[in-house]
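Peer 1: The structure under discussion is supplied below as structure tokens; questions concerning it will follow.
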Amino acid sequence: MKLIKSIIRPNKVDDVKDALGKLSISGMTVTEVRGHGKQKGHTAIYRGKEYNVSLLPKMEIEVVVPDELVKEAIAAIIQAARTGEIGDGRVFVIPVDQSYRIRTGERE
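So for the sequence shown, the numbering used here puts the first residue at 1; every next one is plus one.
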């Protein structure tokens, strides 16, 4: 099993969710996060004062998939989240050794 963590634009969450749903991947965790990379942020004006916004809003999607679905899941995430502009995000793949269902205690 692998944990796939994706940092994407907030407006792309539904597209990624639908793309993973087509692969029968339904369980996921979505978290609001803030960060910056090459995008660096922007300046904004609030009450007449200009200030620099360096941490931009992003969404983190975490999903655990079996090893045989990893490549398809990554491809689906990238295709659904891509706009072709700086700030599209990143995908990280992390090995998962064990998983337990809390309700029953069964190991997967």
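C-beta: ideal position from N, C-alpha, C; glycine also.
For P66, which of helix, strand or coil comes out of DSSP?
Peer 2: It is coil, neither helix nor strand.
Peer 1: Quick check: V30 and A80, are their CB atoms within less than 8 Å of each other?
Peer 2: No, these two residues do not count as a Cβ contact at 8 Å.
Peer 1: Can the beta-carbon of R9 be found closer than 8 Å to that of D67?
Peer 2: No; because the gap between Cβ atoms is not below 8 Å, this pair is not in contact.
Peer 1: To the nearest angstrom, how far is it from the Cα of G35 to the Cα of I7?
Peer 2: G35 and I7: Cα-Cα distance of roughly 9 Å.
Peer 1: Cβ of V91 within 8 Å of Cβ of K2?
Peer 2: Cβ distance not < 8 Å, so V91 and K2 don't count as in contact.
Peer 1: Could you give the C-beta distance for V64 and S99, rounded to a whole number, given that I count them as a contact under 8 Å?
Peer 2: Going by Cβ atoms, the distance from V64 to S99 rounds to 7 Å, so yes, they are a contact pair.
Peer 1: Count the other CB atoms, across all protein chains shown, that sit within 10 Å of the CB of V33; report buried if there are 16 or more and exposed otherwise.
Peer 2: Exposed, because fewer than 16 other Cβ atoms sit within 10 Å of the Cβ of V33.
Peer 1: Pull up the distance between the alpha-carbon of S26 and that of G48, whole angstroms please.
Peer 2: Going by the C-alpha atoms only, they are around 45 Å apart.
Peer 1: Bridge partners of T31, per DSSP?
Peer 2: Per DSSP, E60.
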